[in-house]
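For the sequence shown, our numbering gives the first residue as 169, with consecutive numbering after it. In what follows, a single structure is set out as structure tokens and then discussed.
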Amino acid sequence: MLGFLKEPLVVTAKINVNLVALTVVGFINRLWGLCYPRAVVFDEVYYGQFVSLYMKRIFFVDDSGPPFGHMLLASGGYLGGFDGNFLWNRIGAEYSTNVPVWSLRLLPALAGALCVPLAYQILVELHFSHCAALGAALLILLENSLITQSRFMLLESILIFFILLAVLSYLKFYNLQKHSAFSGSWWFWLLLTGVACSCAVGVKYMGLFTYMLLLVTAGLHFWHMIGDQNLSNVSLLCHFLARALALIIIPVGLYLSFFYVHLALLYRSGPHDQIMTSAFQASLEGGLARITQGQPLEVAYGSQITLRNVLGKPMQCWLHSHTNTYPIRYENGRGSSHQQQVTCYPFKDVNNWWIVKDPGMQQLVVSNPPRPVRHGHIVQLVHGITTRYLNTHDVAAPLSPHSQEVSCYIDYNISMPAQNLWRVEIVNRESDTDVWKTILSEVRFVHVNTSAVLKASGLIGASLPEWGYRQLEVVGEKLSKGYHQSMVWNVEEHRYGKSQEQKEREVELHSPTQMDISKNLSFMAKFTELQWKILTLKNEDTEHKYSSSALDWITMDTNIAYWLHPTSGAQIHLLGNVATWASANAATLAYLCLSLWYLLRRRRQIYDIPEGVPALPVCVQVEPGACSALSCPLLSPADAWQLWVSAGGVCAGGWAVNYLPFFLMEKTLFLYHYLPAVTFQILLIPVVLQHLGDHLCRSVLLKSMFSALIVGWFSWVYFVYCTFSPVTYGQPALSLSELKALRWRDTWNILLRKQ
Numbered sequence: 169m170l171g172f173l174k175e176p177l178v179v180t181a182k183i184n185v186n187l188v189a190l191t192v193v194g195f196i197n198r199l200w201g202l203c204y205p206r207a208v209v210f211d212e213v214y215y216g217q218f219v220s221l222y223m224k225r226i227f228f229v230d231d232s233g234p235p236f237g238h239m240l241l242a243s244g245g246y247l248g249g250f251d252g253n254f255l256w257n258r259i260g261a262e263y264s265t266n267v268p269v270w271s272l273r274l275l276p277a278l279a280g281a282l283c284v285p286l287a288y289q290i291l292v293e294l295h296f297s298h299c300a301a302l303g304a305a306l307l308i309l310l311e312n313s314l315i316t317q318s319r320f321m322l323l324e325s326i327l328i329f330f331i332l333l334a335v336l337s338y339l340k341f342y343n344l345q346k347h348s349a350f351s352g353s354w355w356f357w358l359l360l361t362g363v364a365c366s367c368a369v370g371v372k373y374m375g376l377f378t379y380m381l382l383l384v385t386a387g388l389h390f391w392h393m394i395g396d397q398n399l400s401n402v403s404l405l406c407h408f409l410a411r412a413l414a415l416i417i418i419p420v421g422l423y424l425s426f427f428y429v430h431l432a433l434l435y436r437s438g439p440h441d442q443i444m445t446s447a448f449q450a451s452l453e454g455g456l457a458r459i460t461q462g463q464p465l466e467v468a469y470g471s472q473i474t475l476r477n478v479l480g481k482p483m484q485c486w487l488h489s490h491t492n493t494y495p496i497r498y499e500n501g502r503g504s505s506h507q508q509q510v511t512c513y514p515f516k517d518v519n520n521w522w523i524v525k526d527p528g529m530q531q532l533v534v535s536n537p538p539r540p541v542r543h544g545h546i547v548q549l550v551h552g553i554t555t556r557y558l559n560t561h562d563v564a565a566p567l568s569p570h571s572q573e574v575s576c577y578i579d580y581n582i583s584m585p586a587q588n589l590w591r592v593e594i595v596n597r598e599s600d601t602d603v604w605k606t607i608l609s610e611v612r613f614v615h616v617n618t619s620a621v622l623k624a625s626g627l628i629g630a631s632l633p634e635w636g637y638r639q640l641e642v643v644g645e646k647l648s649k650g651y652h653q654s655m656v657w658n659v660e661e662h663r664y665g666k667s668q669e670q671k672e673r674e675v676e677l678h679s680p681t682q683m684d685i686s687k688n689l690s691f692m693a694k695f696t697e698l699q700w701k702i703l704t705l706k707n708e709d710t711e712h713k714y715s716s717s718a719l720d721w722i723t724m725d726t727n728i729a730y731w732l733h734p735t736s737g738a739q740i741h742l743l744g745n746v747a748t749w750a751s752a753n754a755a756t757l758a759y760l761c762l763s764l765w766y767l768l769r770r771r772r773q774i775y776d777i778p779e780g781v782p783a784l785p786v787c788v789q790v791e792p793g794a795c796s797a798l799s800c801p802l803l804s805p806a807d808a809w810q811l812w813v814s815a816g817g818v819c820a821g822g823w824a825v826n827y828l829p830f831f832l833m834e835k836t837l838f839l840y841h842y843l844p845a846v847t848f849q850i851l852l853i854p855v856v857l858q859h860l861g862d863h864l865c866r867s868v869l870l871k872s873m874f875s876a877l878i879v880g881w882f883s884w885v886y887f888v889y890c891t892f893s894p895v896t897y898g899q900p901a902l903s904l905s906e907l908k909a910l911r912w913r914d915t916w917n918i919l920l921r922k923q
């Protein structure tokens, strides 16, 4: 029974020493001196604010992208015991003792270190030699810009990690396709592809570029599968459903989960929630929720309300009036009605209160039982403090002469009758009998006499002059096709009016409400609103000292000074390895020229590289990376063309999709936006070098000379890395003459402190 104990239990493992060594060296390269400098470095001042808000559970909106990357950075703060108490207001500010610098910078550094073995594995899975794969990994290891970006609390290294992981996972999945379809490892790599793509998009929307590239690649592969007569219709359907599940459904679900966790963590009101709708704000703890707690849900005749414009940008504002009137004549000579001003005011004020009145009755209190206002009902809006009626007429607005003036009517006993009837139109109604609801209903007010729509034109135009206290203009928009958000309003604060007498009513307007009502939004409602705000919210783009154009990136005519020591010459710059970037450009140009040359020759039936079966990448029964196309007896020469095309689709294609879209973007651009693209471009260098060595260097002498050139070139890469290491790691501090010697280009802004 115990006979199995007579023999020792043996476990064998196959370890790739190259991969292990690259991983270890990558960790040393990225993690060395991670706490230095113990000061805020460049965009840490930006991301650190969000980390603090996560620690305090305060809601925020970042228009730069989804929340997953911010949550990853915040996890470092959480694990390090950060309490969120630090003022992120200045680059170079020294961190206080409560800030766990090492923990906050750890995750980006780990992601940057893991990019080194990922680069190695990608070349192996593309069926290039281990030598070429080792070269790709070393180029990533010695790339100064990637080192700098991965050593601080920034997102680019995390983004690049997930991008490379997605590419590697897809290549591994595809290489298992022919012989191990639907196996456990096949499913693992397919699912990991979708997860990595979703994580890349969740870190920054730049991840969409690589995700789209992989989706297109998967689509092309499936198109070729359709032509395979060995696959049945059922098998094809299963393949399609597996890809749809792993590459579309799961990534979308995972993307939604990022927002779910984000909203679950940030449940407290803060300074950023003012751009959200009243319903969203009311769902947060504190802030508007504290003010609106206990409000009645249904607006009734006699209700006292404040009306907030739904647009909410560039600032939130409420329908407002005060005793001042429009000037008899404006500066341009046009006349006004001299009626009481109506504006949109960006602050809470007692003059923001209005009373919903039934035109057929005189009372300004809510009846018992209340009579709710429904879609299509006609109302009058009475200003709570001055008791004048909201009015519009055929008089040009002060700043928008093509629109009607909106006022509170004053009877001057002249031939200008009151026109104060408004029809309530609920924009987001489910039926034509919907009741007007507090916070939830988005309404338009359509003037009965002129069909003009009440609009906060000042949100998309200029503010009123001094006579209007620089408040925002409100007009009656006559030519209204569809609706703009500036024409839509929602009730934010609401109470049922009980006092008929004006003095008692004024006291009532200052008092809190006391009825309980729940206004919790569903997750999907919150997600939709937050996603829309992220996509549409635009901060004013200002010219930054270190901003650049996409054309500057290729030749690295620009740099970014990340940090400067307050007393010594120590400094950190985002600068690429000049040798690597120049070689990457040369490799890209060589690949494009050679590909065009090969295609032209093929049109003339001249096959410099024999054409194999259309597949991307090649699937053969040989360990990936064991040999190159010509030196391996198991790979036919016909497969060499597919190796070339495959590498181009991944490396050159990855560079193109991550670079070219920036020419279409109207935003402030920085050199770090180019890092995902240049990573793919660097992977193309060993691809081109191996291709040249296999196909152009046929004799032993040529191969020896070519190898010697590669050694010399790589020594140049290492020399540049060492030369710029002091401004990559920030130490040691350099003298003034040494710093001047690093200014290889006149356009580089190396900081020189007078001594």
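Just so you know, even glycine gets a beta-carbon here, dropped at the ideal spot from N, CA and C.
*Using CA coordinates, which residue listed in Q653, K623, Y651, V656 is at the minimum distance from E641?*
K623
Buried or exposed for P900, going by 16 or more other Cβ atoms inside 10 Å?
exposed
For this session: Look at the Cβ atom of L742, then the Cβ atom of S313, and state whether they are nearer than 9 Å.
Result: yes
- Give a yes or no on whether the C-beta atoms belonging to L323 and G237 are separated by under 9 Å. yes
Q) Between S325 and C203, what straight-line distance do the alpha-carbon atoms span, to the nearest angstrom? A) 17 Å
* To do: Kindly indicate the opening and closing residues of the beta strand (DSSP E) around A729.
  => 728-732
Short of 7 Å in beta carbon distance, which residues of its chain neighbour W721, apart from the five on each side in sequence? Order them along the chain. L839, Y842
Quiz item: Taking the alpha helix (DSSP H) that S814 falls in, what are its first and last residues?
Solution: 806-815
ask   = Should G216 be labelled buried (16 or more other beta-carbon atoms within 10 Å of its own) or exposed?
value = buried
**Asked** If we count the other Cβ atoms within 10 Å of its Cβ and call it buried at 16 or more, is T445 buried or exposed?
**Response** buried
| message | What does the alpha-carbon distance come out to for the pair V229 and L487? | response | 25 Å
Coarse secondary structure for Q508, derived from DSSP in three states: strand
So the alpha helix (DSSP H) Y338 belongs to, where does it begin and stop? 324-343
Check: Straight-line CA distance for V846 to S717?
Finding: 15 Å
**Q.** Cβ neighbours of A304 in the same chain (closer than 6 Å, five flanking residues each side left out)
**A.** A287, L291, L851, P854
message = Do A277 and S318 count as a contact pair if the criterion is CB distance below 9 Å?
response = yes
#### Entry: Length of the line joining the Cα atoms of G470 and P464
12 Å
Nearest to A349 (by Cα), restricted to the options H407, I553, I416
H407
I need the DSSP call for L919, collapsed to helix, strand or coil. coil
> By the 10 Å Cβ neighbour count, where 16 or more other Cβ atoms means buried, how is W200 classified, buried or exposed?
Replying inline: exposed
- Query: Taking all protein chains shown into account, do 16 or more other C-beta atoms lie within 10 angstroms of the C-beta of V467, making it buried, or fewer, making it exposed?
  - Reply: buried
Secondary structure at Y557, three-state DSSP: helix, strand or coil?
strand
Backbone secondary structure at Y714 - three-state DSSP
coil
Open item on the list: According to DSSP, simplified to helix, strand and coil, what is H570?
Closed with: coil
- prompt: Could you check where the alpha helix (DSSP H) with W657 kicks off and where it finishes?
  reply: Note, W657: premise wrong, no alpha helix (DSSP H); beta strand (DSSP E) at 657-664.
- Task: Tell me whether the beta-carbon of T748 lies closer than 9 Å to the beta-carbon of E311.
- Result: yes
Where C576 sits in the DSSP three-state scheme: strand
Note to self: Does the CB of R273 have a neighbour CB from chain D at under 9 Å?
What the structure shows: Annotation note: the requested chain D is absent from the structure, which comprises a single protein chain.
Enumerate, from N- to C-terminal direction, the unbroken alpha helix (DSSP H) stretches of 4 or more residues contained entirely within the stretch 179-259. 185-199, 212-224, 236-247
Item to check | Inter-residue spacing [alpha-carbon to alpha-carbon] between F210 and N257 | outcome: 11 Å
| query | Per DSSP, which one or two residues make a beta bridge with R436? | reply | I226, E453
Taking the beta strand (DSSP E) that V643 belongs to, which residues open and close that run? 643-645
Checklist entry - Since A468 sits in a beta bridge, which residues does DSSP pair it with? => result P540
* Asked: For the alpha helix (DSSP H) that L589 lies in, which residues bound it at each end?
  -> Per DSSP, L589 belongs to no alpha helix (DSSP H) and is neither H nor E.
Look at H652 and R597 and say whether their C-beta atoms are less than 9 Å apart.
no
Report task. Have a look at D776 and T316 and give me their C-alpha separation to the nearest angstrom. Result -> 42 Å
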